[in-house]
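What follows is one structure encoded as structure tokens, with my remarks underneath.
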Amino acid sequence: MNLRRMTILVLANPEDTFVTNLGTIIEKLTELIAATPASSPSSATRAEIFLLLRTLVLRISPVHLAPVWPVINSELTNAIFSLLPDTEQHERYNNLSVLQACKLLDTLITLAHDDFQLHEWLFITDTIDAVYRPDLDWRPVALVDEVAEALQERQAAATTTADDPSAAIPESTSLLSASAPTYQGGAGPTSAAGSGVGTATEDKRRSLLAPVLRAAQEAGVFGDSADAKAMGKMEFVMRVVKPFLGQLSILAFEETYRMGRVDLEEVEGWVVADVFDEGGIV
Numbered sequence: 001m002n003l004r005r006m007t008i009l010v011l012a013n014p015e016d017t018f019v020t021n022l023g024t025i026i027e028k029l030t031e032l033i034a035a036t037p038a039s040s041p042s043s044a045t046r047a048e049i050f051l052l053l054r055t056l057v058l059r060i061s062p063v064h065l066a067p068v069w070p071v072i073n074s075e076l077t078n079a080i081f082s083l084l085p086d087t088e089q090h091e092r093y094n095n096l097s098v099l100q101a102c103k104l105l106d107t108l109i110t111l112a113h114d115d116f117q118l119h120e121w122l123f124i125t126d127t128i129d130a131v132y133r134p135d136l137d138w139r140p141v142a143l144v145d146e147v148a149e150a151l152q153e154r155q156a157a158a159t160t161t162a163d164d165p166s167a168a169i170p171e172s173t174s175l176l177s178a179s180a181p182t183y184q185g186g187a188g189p190t191s192a193a194g195s196g197v198g199t200a201t202e203d204k205r206r207s208l209l210a211p212v213l214r215a216a217q218e219a220g221v222f223g224d225s226a227d228a229k230a231m232g233k234m235e236f237v238m239r240v241v242k243p244f245l246g247q248l249s250i251l252a253f254e255e256t257y258r259m260g261r262v263d264l265e266e267v268e269g270w271v272v273a274d275v276f277d278e279g280g281i282v
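Next comes the structure, spelled out in structure tokens:
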């Protein structure tokens with residue numbers, strides 16, 4: 001709860017208000033990150049750590065974010081690895097933590113800070129190889145693409161039944177929706193079709209995760225944070241997270257060369273919705 005209060009405080013103030021406190025904040029976050037389910041109940045706060053990191057990225061100017069990148073890179077790497085069931089991180093990150101990690105990565109890709117672009121290749125394929133693979137045997141080195149392929153291979157190898165939690169959202173309902181998201185409390189982004197949104201917003205650089213969550217909501221797979229907590233880990237990963245990871249590099253590459261301006265109102269609105277989402281409170 002204290003992390004959420006801190007997030008609200010940072011979000012409610014102008015940019016760089018807490019630059020002088022950034023070292024103390026990072027020190028406290030590092031202590032919480034070191035906790036494991038066996039060593040401390042503080043490990044349950046990882047979702048709120050990711051939420052606070054999203055807020056810091058929004059409210060601290062890029063020139064002051066240098067101390068934050070090691071924490072972000074380390075936590076994102078561990079959270080993405082935790083999607084694979086045979087890794088030591090698997091039990092350390094619950095569904096809410098994974099969801100907030102995806103939202104942090106989505107925020108970073110949407111904002112496209114210069115400093116993050118130095119590290120972006122670690123997570124997504126940021127070259128033309130994302131769209132046109134050099135050859136059939138080519139394997140991506142970016143973490144998101146590696147994990148997405150591993151999950152796809154796992155799903156292909158499994159026997160699909162009506163009750164199989166590995167059954168994914170159909171491809172037609174994933175990242176291809178172009179409707180603009182709005183915010184309805186803890187439910188996060190939902191479709192704003194018919195709300196009069198014009199071409200000015202269509203040209204903006206928008207969230208790549210929002211259409212996946214809308215698709216999951218429309219398919220009845222996932223509604224809000226309370227639903228995420230109730231789902232099994234691998235069911236949540238295969239039905240909600242895999243469709244996002246599977247197309248992230250392609251969509252990010254296309255967004256980069258579309259050269260749209262960031263829709264900050266959307267990015268901040270999504271953070272505000274998460275901050276006041278009672279279902280996400282640990």
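For the sequence shown, UniProt numbering gives the first residue as 1, with consecutive numbering after it. All C-beta atoms in this analysis are idealised placements derived from N, C-alpha and C, irrespective of residue type, glycine included.
query                                                                                                                                                                                         : result
Given TRP69, which residues of its chain have a CB within under 8 Å of its CB, disregarding the five upstream and five downstream residues?                                                   : ASP115, PHE116 and HIS119
Are there three or more Cβ pairs, one per stretch, closer than 8 Å when the segment 208-218 is compared with the segment 87-106?                                                              : yes
May I ask which residues mark the beginning and end of the alpha helix (DSSP H) holding ASN95?                                                                                                : 95-111
For ASN94, count neighbouring C-beta atoms within 10 Å of its own C-beta (all shown protein chains included) and say buried if the count is 16 or more, exposed if not.                       : buried
Considering LEU143, what are the terminal residues of the alpha helix (DSSP H) in which it resides?                                                                                           : 143-157
Evaluate contact between the segment 267-278 and the segment 1-17, counting only Cβ atoms and requiring at least three cross-stretch pairs below 8 Å.                                         : yes
What is the DSSP secondary structure of VAL262, reduced to helix, strand or coil?                                                                                                             : strand
Please return the same chain residues whose Cβ sits closer than 6 Å to the Cβ of VAL237, not counting the five positions on each side in sequence.                                            : LEU83
Within 10 Å of its beta-carbon, does VAL141 have 16 or more other beta-carbons around it, so buried, or fewer, so exposed?                                                                    : exposed
Determine which residues share a DSSP beta bridge with ARG205 and list them.                                                                                                                  : VAL262
For ASP129, which residues in the same chain have their Cβ closer than 8 Å to its Cβ, ignoring the five residues on either side in sequence?                                                  : TRP138 and PRO140
Just to confirm before moving on: does the CB-CB distance between ILE49 and LEU32 stay below 8 Å?                                                                                             : yes
Answer with buried or exposed for PRO67, where buried requires no fewer than 16 other C-beta atoms within 10 angstroms of its C-beta.                                                         : exposed
Where VAL267 and MET259 are concerned, what is the direct C-alpha to C-alpha distance, given to the nearest angstrom?                                                                         : 17 Å
Using three-state DSSP, classify TRP121 as helix, strand or coil.                                                                                                                             : helix
For GLU27, does the count of other Cβ atoms within 10 angstroms reach 16, so buried, or fall short, so exposed?                                                                               : exposed
Secondary structure at ALA66, three-state DSSP: helix, strand or coil?                                                                                                                        : coil
According to DSSP, is ARG133 helix, strand or coil?                                                                                                                                           : coil
Whole angstroms is fine: what's the gap from VAL71's alpha carbon to THR30's?                                                                                                                 : 7 Å
How is the alpha helix (DSSP H) around PRO211 delimited, first residue to last?                                                                                                               : 210-218
Please go through the same chain and pick out, in chain order, the residues whose beta-carbon is closer than 8 Å to the beta-carbon of VAL262, but skip the five residues on each side of it. : THR110, LEU111, ALA112, LYS204 and ARG205
If you reduce the DSSP assignment to three classes, tell me which class SER269 lands in.                                                                                                      : Note that residue 269 corresponds to Gly in the displayed sequence, not to Ser. Three-state DSSP puts GLY269 in a helix.
Is THR55 a contact residue of the ligand MG, with contact defined as CB to any heavy atom under 7 Å?                                                                                          : Summarising the ligand content, the structure contains no ligands, and the ligand MG is consequently not present.
Find out if the Cβ-Cβ distance for the pair VAL240, VAL221 is shorter than 8 Å.                                                                                                               : yes
When we look at the beta-carbon of LEU76 and count the other beta-carbons within 10 Å, is it buried (16 or more) or exposed?                                                                  : buried
If you measure between the beta carbons of GLU15 and ARG59, is that distance less than 8 Å?                                                                                                   : yes
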